[in-house]
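Enquirer:
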Amino acid sequence: MAVRTPHFPDLLFNSAARLRRWEGALMGHFAAHGYRELHPSLVLRETVPEGALRFFDGDDLVALRWDFTVALAGLLTRTFPAPPDRVAYAGAVFRRPVQPWEAVERFEVGCERIQPEGEPAAEADVELARLLMAVPGLLGLKSAILHLGNAALVRRPLEAEGLFGELADAVVAALSRRAPHRVREALDGHPSAARLTAHAEALLSELDGPGTLGALAASPYATLLEEEMHHMDRALQALLPILPPNLELRVDLADVAGLGFYTGPTLRLWAPGAQQELAAGGRYDRLFPGLGRPWQAAGFCVRLSRLLDLAVTRPDLFEEPR
Amino acid sequence: MNQTLLIAFPKGRLGDELVPLLAGTPLALDAAALKSRVLRIPTATPGVAALLLKGADLPRYVAAGVASLGIVGSDTLDEMDMDLLELADLGFGACRLSLCAKAGVSLDDLRAKPHLRLATKFPKATEAWLAREDLTAELVPLSSSAELAPLLGLADAIVDLVQTGGTLKAHGLVETAILGRSSARLVAARGAYLSEPGRIRPLADMLLGALKAKR
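Right, here's the structure in full:
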């Protein structure tokens, strides 16, 4: 595990060259698929959450850009009456780390697919998955694993049971730990305890290929989640025939990371032996309506800082640069 | 890359319960190495070794991916809030996290104190309990021998793990409230488990099978 001290990394020759090469390759990949670059300002003047790096500019409290998706959303809603349908970005974000070894300054490249509300979203989700499937090859990773999940698999049962706030957070935290026994503990005495524990066990029962979807049949919420199951099945049918060599596709029914933000399908990219995901994203249909625009959106972000670390600590995972 | 899979086992109370449970299983620890001062111990399965670690350090080894799996008390997990997967409640090492005071001092007595002082090595769980009870207290951080604190006037009471109650009794202390329960948990590195389930899951299954067979 590479440790950065201080948390504002200086990149020396090899890492700097690698960053430039990867940014170019990924932005070229997005541009070739119609994604146009936007570059939101590094300084945000809107309200910013805990964890952002804030400072005073004269009398104004401002923050460094802490997240591209949110910065882009502000830019798009201020600037465009109708959404540009495909946008891409590259640059640094600054965020106080959850884990002590994480950097504050992080390099990211990503893309967002934005549509007016009501447009069919399934094709956009598959389009993003296909884009992400090409990323390991562009980065020179010898092999990778793409996890398909869906935030609604947890969100909808919780909503159906009327579980919100701290109790819902405790269930999500337990699922994040992949600990069905913690779900049972958290819901002790609640009328939904048995149902949600059985659901957690179903979600956690498999972590494998397309057959994983079958595990949902054992859930008490299988009927409620039929639409999500069909959506994931259709995505698998679309993606499996075009799977690049050295990329494995897995279904992760218990992916709850970012559940407060994501509303539907999620994507996560791993490399065998990597301790952190290398790219992540999904559908987040509540962000733009919250900013007063009836738009729906999905996207993903490639975490180049983690990849730079990995290239140093696990060079065996990468092809030799040509 | 070193392909040996490492499991982090706890030293101390949990380790004392764990090692006999593993005897005769594929994950039995090498007896000669155990008697030495070596902290990396071969198991009966080639390619799998155990690290013997203090409970407070163990989650960090697993979260960083140094060890693929680990066994640690849920009390430690709750205090540290590390990014780990918790694959199973192993059941052994069960104990209570309790508020303990000198015999004759009740919970109401403690509530009535204008300046309550609680000694503990579990500040997070203690703060959560205080919030639930709408109480405030000064927390006195200790890392061991908390039982001495009320006797010597360092604190009014302690929050500590209680298994049989023998240590409490020996110091003239009694449980006045139960804050939570703890037991041994099987934990895994998120990255290793999610990126290499084919490698880590069989090891987890082997460990669960070994413990199940002996219980």
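Each protein sequence line maps, in turn, to chains P and X. The numbering used here applies: residue 1 is where the first sequence begins, and numbers increase by one. The numbering used here applies: residue 1 is where the second sequence begins, and numbers increase by one. Heads up, the beta-carbon is just placed ideally off N, CA and C, and yes, glycines get one too.
Drop a sphere of 10 angstroms on the beta-carbon of X:V38, count the other beta-carbons inside from all chains shown, and report buried for 16 or more, exposed for fewer.
Expert: exposed
Enquirer: To test your reading of the DSSP string, which unbroken beta strand (DSSP E) runs of 3 or more residues are found completely within the segment 121-197 of chain X?
Expert: The beta strand (DSSP E) runs lying completely inside the segment 121-197 of chain X and spanning 3 residues or more are 138-141, 157-162, 173-182, 184-189, given in chain order.
Enquirer: Taking Cβ positions only, does P:A2 come closer than 7 Å to chain X?
Expert: Since pLDDT at P:A2 reaches only 49, below the 50 mark, its modelled position is unreliable, and no value is offered.
Enquirer: Output, in chain order, the set of chain X residues within a Cβ distance shorter than 7 Å of P:H343.
Expert: The question about residue 343 of chain P has no answer, for chain P in this structure spans 1 to 322.
Enquirer: Can you tell me the Cβ-Cβ gap for P:H147 and P:R268, rounded? I've got them flagged as a contact below 8 Å.
Expert: Rounded, the Cβ-Cβ distance is 4 Å, consistent with contact.
Enquirer: With distances taken between CB atoms, is the gap from P:G110 to P:C301 smaller than 7 Å?
Expert: With respect to P:C301, P:G110 sits close: the two C-beta atoms are nearer than 7 Å.
Enquirer: If you draw a straight line from the alpha carbon of P:R182 to that of P:L175, how long is it in whole angstroms?
Expert: Using only the alpha carbons, I get a separation of about 8 Å.
Enquirer: Using beta-carbon positions only, say whether P:E228 and P:N150 come within less than 7 Å of one another.
Expert: yes
Enquirer: Under 7 Å between beta-carbons, which chain P residues line up against X:L18? List them in chain order, please.
Expert: Under the 7 Å cutoff, chain P gives no residues; its nearest Cβ is about 18 Å from X:L18.
Enquirer: So if I threshold CB-CB distances at 8 Å, which residues from the segment 32-45 of chain P count as touching chain X?
Expert: none
Enquirer: Quick one: grab the DSSP three-state call for P:R4.
Expert: With a pLDDT of 46 at P:R4, under the threshold of 50, the predicted position of this residue should be treated as unreliable, though the coordinate-derived value follows. DSSP places P:R4 in coil when its eight states are reduced to three.
Enquirer: Compare the C-beta of X:E138 with all C-beta atoms of chain P and state if any pair is closer than 7 Å.
Expert: By this cut-off, X:E138 is not an interface position.
Enquirer: Would P:L287 pass as a contact of P:R303 if the rule is Cβ separation under 7 Å?
Expert: no
Enquirer: Could you check which residue in X:A146, X:G93, X:G166 has the C-alpha nearest to that of X:S182?
Expert: With distances taken between CA atoms, X:S182 lies nearest to X:G93 out of X:A146, X:G93, X:G166.
Enquirer: Between the segment 77-90 of chain X and chain P, which residues of the former have a C-beta closer than 9 Å to a C-beta of the latter?
Expert: Shown in chain order are the members of the segment 77-90 of chain X whose Cβ falls below 9 Å from a Cβ of chain P: L77, M82, D83, L84, L85, E86, L87, A88, D89.
Enquirer: Can a CB atom of chain X be found closer than 7 Å to the CB of P:H181?
Expert: yes
Enquirer: Do P:S143 and P:N14 have their beta-carbon atoms positioned less than 7 Å apart in this structure?
Expert: no
Enquirer: Check whether chain X comes within 7 Å of P:P100, counting only Cβ atoms and requiring the distance to be less than that.
Expert: no
Enquirer: Do the segment 27-47 of chain P and the segment 61-76 of chain P meet, that is, are 3 or more Cβ pairs less than 8 Å apart?
Expert: yes
Enquirer: I need the straight-line Cα distance from P:G273 to P:E320, nearest angstrom please.
Expert: 18 Å
Enquirer: Run through DSSP, which three-state label would X:L108 get?
Expert: Note that residue 108 of chain X is Asp in the sequence shown here, rather than Leu. If DSSP states are grouped into helix, strand and coil, X:D108 belongs with the helices.
Enquirer: Any idea which residues DSSP pairs X:G70 with across the strands?
Expert: X:A8, X:V187
Enquirer: Select from X:A213, X:E196, X:A210 the residue whose C-alpha is nearest the C-alpha of P:R250.
Expert: X:E196
Enquirer: Between which residues of its own chain and X:A213 is the CB-CB distance below 6 Å, once the five residues before and five after are set aside?
Expert: none
Enquirer: Among the candidates P:A297, P:L42, P:A280, P:Y262, whose CA atom is the shortest distance from the CA of P:R95?
Expert: Nearest to P:R95 by alpha-carbon distance, out of P:A297, P:L42, P:A280, P:Y262, is P:L42.
Enquirer: Among the residues of its own chain, which have a CB less than 8 Å from the CB of X:D109, if the five just before and after it don't count?
Expert: Closer than 8 Å at Cβ, skipping near neighbours: A101.
Enquirer: What distance in whole Å lies between the Cβ atoms of X:L118 and X:A103, which are believed to be in contact at a cut-off of 8 Å?
Expert: Wrong, their Cβ atoms sit about 17 Å apart, outside the cutoff.
Enquirer: Taking C-beta pairs closer than 7 Å, name the residues in chain B that P:A271 reaches, listed in chain order.
Expert: The structure shown contains no chain B; its protein chains are P and X.
Enquirer: Inspect the CB distances between the segment 75-93 of chain X and the segment 121-130 of chain X and report whether three or more fall short of 8 Å.
Expert: yes
Enquirer: What residues in the segment 45-76 of chain X have a beta carbon less than 7 Å from any beta carbon of chain P?
Expert: A64, G65
Enquirer: Considering just the uninterrupted stretch of the beta strand (DSSP E) at P:V302, what are its terminal residues?
Expert: 295-303
Enquirer: State yes or no: is the C-beta of P:V126 within less than 7 Å of the C-beta of P:R106?
Expert: No. Outside cutoff.
Enquirer: Relative to chain X, which residues along the segment 295-307 of chain P have a C-beta separation below 8 Å, given in chain order?
Expert: none
Enquirer: Does the Cβ-Cβ distance between P:Y284 and P:F318 come in under 7 Å?
Expert: Their beta carbons are not under 7 Å apart, which means P:Y284 does not touch P:F318 by this criterion.
Enquirer: Exposed or buried, P:H199, counting other C-beta atoms within 10 Å across all chains shown (16 or more means buried)?
Expert: Flag for P:H199 reads buried.
Enquirer: Mind checking if P:A238 is an interface residue toward chain X, Cβ cutoff 7 Å exclusive?
Expert: no
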